[in-house]
Structures are given as C-alpha cells and as structure tokens.
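Numbering (the working numbering), first residue to last: 1 to 712.
Using N, Cα and C, we set each Cβ at its ideal position, and we do this for glycine too.
No experiment lies behind these values; they were computed from the predicted model shown.
To start, the structure under review is shown below, and the notes come after it.
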C-alpha cells in the first residue's frame, strides 16, 4: 500500500434513500431491516412485508413511523410467527437511536452534502436478551416530521418446519388509531452452519469498555460485562482479537531451560470462547493474537531462548487442546519497506519456536516477504483490482496454493475517492453487507478490522457522536455501551449497532456460500459473487437487489433453481481504442438473460476478469485500462437471472491504441471520460455500467510510495 497513484473517479448513479411522498398526518409502514431509513425522509406506507430465511438464521424487518405533528407514547408490538411448525417467538424489537453527522465530518471524500444529518445506528432494546429487563426502546415520543425506525430481529431456530409463517405488527400512539400490519416469513428447508465459517478478527479492549461503564454509573462487574460483550459479537457472527482476559501462569525451569506452565485459569475463563461453549453451542472465536514474550528474563537465560520457549509453550498447549490454526501474531502494522528485514527476522523466530505459529502482516503481497508471512492481509483499497500495478488478485491465489492464508481489512482509507465497503455510520446498509460477498468473490478467508470501541477510548460518548479525529464516522467503533443513563434498566449491557446487524446479514450470506462450496458448487458461487461485486469498488448497492441475489443462492441450495445456462454471445468483434478494446456481439435468445461478463488474456491459458454488465439488452462494451500496443485475447460470457454462465464465446483479438497520458486521472469536472461498460442498450439505465475502470495491464512502475491507513 505504498505507491502514489491516480484513482479514476467513477460516476455511479446513487441509489436513493427510501422514496416517499410528502408527509402524511400519520404514517406507518413495513420494510426490510436493511432499508436504512434516515429520519428526514418519508416512505411508502406498506402494511405487509415478506421475509425469507433459513434455519439458524436471524432475519430483520423494520417498522417505520412518522407524523407531521409529532407523537407521544408510541409503542410497537409484534406477535409470534405462526405457521406449519412450532411458533417462532424469538423476536427482538429495537428503537434506532440517531447520531448527527455534520457537513464537515462526512465520511466519504469528496463529501456529498446530502450525507449530512442524522443517521440511525445504536439499537435500544425494548427488552434486552441478557437479563430480560425492560429498557427504553418503547414507549417513546416522536418529533414532528421525523421518521423513527424500529428494527425487529427474528431468529429462526435450527430444525424449524419449513413453510410460510405469519405475524401481526401493531403500532399504538396517543390520539391515533391503532395501526396493524402483517409480516410473512418463508422458512426455507435448510439450516445455516452453527458458528463462524469466515474468520472474523475485530479489535477489542475490555479495559476501555469497562472503564467507560464505570465512569458512567456502571453497576455490572468486569467479568460479566466482558462475557456479555463477547456474546453480543458472537450473536452477529463476529469474532474478536485481543479478547482473552487471562494469561497462563509460568515459571522458568532453569534445569530444562524452558517454562513450567499452569493453564488452569486460562482454560477455565477463556477456554469456552475457543471451545464454543460461551454462547450458543458451536459458536467459537476464530483467532487469538499470540502475545510477545514477557519481561523478566533472568540474566542467566539467553533472551532468544526465553522468547522461543514462551511461544513454543503457547503453540503446544493450543495444539493439545485442539485449538488448531487459531494463534496468529500481529506483526508491526502497515510496515514500510525499510522494516521488511526486521519482519523477516521476527517471522523466522516465530517459526523457530513452532512452525504452526502464524505471522500476519497488514500489507499487500511483497516478494521481499515471501516465505516469511503466513497470513497476508492487504488493505481493501490497496488490493490491486483497483490499481494499475502488482500485486494483482491472482498473486493471492498463488499464495493460497502454497498453504498461506489471505485475509483483508478496511479502515478510513475505504472512504477515499472510490466506493469500497466500509464501516462508516453515514453509509447505506449495503456497505457492511457487501464485505463478506466481496471476501468470497476474491477467495479471502478472513476479515480484519482494527477496533470496535475507539470512540469511547478517546473519551467521546458514541450516543452523541461517532466521530473521533482523525478518523471518520464510526471507523473503529461498531458497538455502544449500554449504560443505564442511555438505555434504562438496572444493569449494564452492550448495545449492537445497525452496522453490526448489516455485517451479520453478510456473514449469514457467507454461510450460504459455504454450504454451496461444500456441496461442490464453488464455481457457481464464484460467478454469482463476481456479478454482484465486479470490482472491490464496484458492487450492488441496492438492499432489495441483494436480497434477490440471496434468494437465488437459497434456490441453488434447495435445488429449485434453473440450472440451464444461456447460449454464449455470437458474432463477437473487437477493435482497439485508446487504452482499451471495444467489443460488439449478438445477444443470445434466452427469456431470463441478465447480462454479460468480459474476459481477456495476453497468452493462451490466461483468464483475467474484465468486468460485467447486468443489462441483457447490451450489445457492446469497452474494456479499458489495457496496455497500448499489446495484442489481447478477448471473449464474452452471458449469464441469466439464476446466475448460470454460458460457455465462452469465440475468442477474438485486438490491440489497444495509444491514449492520453492523463487517462484515468480525474477530469476538471470530477468525471471520468471512459468509465467502461460501453453501450448498455439504454440511455438512462443506472444498472448498465457496473464495471467502471477494468483491471489494468501489468505494466506500471511501482517505485513511488504513498501511505495507507497508517498515514492518517
């Protein structure tokens, strides 16, 4: 992540917030829980809404309430879901709390002024799931012309009888007639895995959280509070790093030149988190950071031996307990090239202690570190499907083939210029949900996020603001301290954010992919995730469209999807244009045709993804960002609404011509003259151009440097 570059600005037609007419006297409506409704906007008053979910899955819906004169004593009641099986009664309503985002602190750069204002995030429970205490979620008063979101989580138990279930929603308020609506829930005939299939590693600090609670009237002891927070993360299929509260007792055995260990307290207190017995059975955290060797090395002991034996003891105990593949070592963050020799030496010491210990580096692949790093973890914007220089995505496939792991992380850099998944408060729900989709799309097996409670560590109350300089809204902060002064009740609990709920939705989607991978459908999953996310910075933003794709994935699991692929495009032609190639073709005849994928190579056997268009009417496109003067092999695939891919079209060749030296740099008007995608077949189809600037040819100089998150 160390190169100067010009990032092309991609003009994307924004997905609007929930549409609605002018304010009505009293408006109530139902929507999906991922419809992130901002308070200044009205909405469509739907009195029915349909959900779909598998067993062992949470699925949310929203109740939206607005009145042009304001309301008092508002309450929302949801009945149990009844249908062909046992009633579904694990239903949790929350009132969304809103945090202000002033114009000067909008997360995205360049800022969109429309993003300023209040954003829903913290979720105050009606009744909490830790103690069963009534909290301040309801009843509540509502200001005039201010839309209140009630987020309702529904858990479908494992083994729930499939079929359609129905619940009734009732909204009451002083001086208003009772409102009732109906939510249906289709339970699919499969169950999600128990646990967390995607390695999730979010930074954590118990001392930060406990100190905040104590300073704000906290009445819950440290151990109980910690357990509740860990359970809340697990509830959202999120795991932490730095979560252990105990370390093993040890003494140095001078005779044997090693440590004598007592792991009793560690195994008793922290072991359940690794055994999967601290929350729902089977949920266990996916990793733990290996600590550095402690101080206190006697003068008669070689420090190298002291360190080696300390790490060896951790590795051996974890192996004995069956906690395999869990320990990893966080090497210096976002290292500069001059630090690489020291990193290689550190990795060698770790591997000398035990070859199963895993050094992790928050850096894109660097040849200078090859063979020393066990877990590569590039920053999302510096994963080079968006950069015109190596390392390119296929490099990580090569590292995985060697037995190394590949994770990735995001942070404040995800909000700069391009459109990456991010944890920002002032972003739609899809910015969180899409991250596991993109993770699967690029075959990463883990995600890393640097902190979860940064704001309170800086002394700021997150209920009042999620901004803490120099980072943007919510960066490093995803959970709220549930102190009595903010949520009522008699004890302290953690309070999830909407962003945690939206990430959980994506983590559950990943479990769908995991099921298909295990049944031999990995190639189909590759194709679908590639369609939903053609690039790390070009992906499907609309929450309802993501739900449609999720339904297609479910149909594939159920075996009810259409498995017949469309015919490939015919009459493919290619002509070189400035820094790219223009393709034309004849579309195949298929009633459910959905769009096209573009592929290219330099040599026979190459297969580089050039992007996609989800417009069946398209008959031409431009693959840009290619190297002038080189002949390319090019071909096209068609795909249908079920995600099936055609065979390859015929292969044609073309040679890009020389273009403007400033191609790809921002124009004065902020636009990009050639964002790819070509003719979509429609003059105003906002779904036609989904590719943006394609993967560039591997030819750029990589000698310049720029800082990543560590430079902020």
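Under a 10 Å Cβ-count criterion, residue 329 is classified as buried, with 16 or more other Cβ atoms of the shown protein chains found around its own Cβ.
When rounded, the separation of the alpha-carbon atoms in residue 104 and residue 339 is 36 Å. According to DSSP, residue pairing for residue 379 in a beta bridge involves 409. In this structure, residue 549 sits away from residue 569, with a CB-CB distance that is not shorter than 8 Å.
Assignment of residue 237 by DSSP, reduced to helix, strand and coil, places it in the coil class. By the CB criterion at 8 Å, residue 390 and residue 212 fall outside the cutoff.
The Cβ-Cβ distance between residue 600 and residue 632 falls below 8 Å. Ranked by how close their Cα comes to the Cα of residue 419, the residues 382, 449 and 453 have 382 in first place. In the assembly as shown, residue 286 is a buried residue. Its beta-carbon has 16 or more other beta-carbons within 10 Å.
For the pair of segments examined, the region 90-102 was found to touch the region 462-469: the number of CB pairs separated by less than 8 Å reaches three. Fully contained in the region 173-251 are the following alpha helix (DSSP H) runs of length 4 or more, in chain order: 206-215 and 222-235.
Annotation for residue 341: the continuous alpha helix (DSSP H) segment containing it runs 340-353. Excluding sequence positions up to five before and after residue 471, its CB lies within less than 6 Å of the CB of 412, all in the same chain and listed in chain order. Exposed is the label assigned to residue 630, since fewer than 16 other Cβ atoms lie within 10 Å of its Cβ.
Per DSSP, the unbroken alpha helix (DSSP H) holding residue 514 starts and ends at 498-518.
Checking the DSSP bridge columns, you'll see residue 75 partnered with 172.
Apart from the 5 residues on each side of it in sequence, residue 266 sits with its Cβ closer than 6 Å to the Cβ of 246 and 248 in its chain, given in chain order. Taking all protein chains in view, the Cβ of residue 336 is surrounded by fewer than 16 other Cβ atoms within 10 Å, so the residue is classified as exposed. A straight line joining the alpha-carbon of residue 475 with that of residue 374 spans about 27 Å. Residue 158 carries a coil assignment under DSSP once its states are collapsed to helix, strand and coil.
For residue 493, the pairing in a beta bridge is given by DSSP as 482. By the criterion of at least three beta-carbon pairs nearer than 8 Å, the region 435-452 is in contact with the region 515-532. When the Cα atoms are used, residue 354 and residue 290 turn out to be separated by approximately 12 Å. Out of 620, 153 and 199, the CA that lies nearest to the CA of residue 446 is found in 199.
Take the alpha-carbon of residue 314 and the one of residue 496: they are about 33 Å apart. Here the C-alpha atom of residue 207 lies approximately 21 Å from the C-alpha atom of residue 235. For the set 190, 113, 176 and 61, the Cα lying nearest the Cα of residue 168 is the one of 61. 414 is the residue among 414, 617, 647 and 429 whose C-alpha sits nearest the C-alpha of residue 537. The criterion of a C-beta distance shorter than 8 Å is not satisfied by residue 424 and residue 435. Residue 96 sits close to residue 120, with the two beta carbons spaced by under 8 Å. In the assembly as shown, residue 379 is a buried residue. Its beta-carbon has 16 or more other beta-carbons within 10 Å. Per the Cβ contact rule, the region 611-626 is not in contact with the region 502-509 (fewer than 3 Cβ pairs under 8 Å). If you compare the alpha carbons of 553, 396 and 179 with that of residue 437, the shortest gap goes to 553. Bridge pairing for residue 93: 152 [DSSP]. DSSP, read as helix, strand or coil, puts residue 135 in coil. If you draw a straight line from the Cα of residue 34 to the Cα of residue 68, it comes to about 25 Å.
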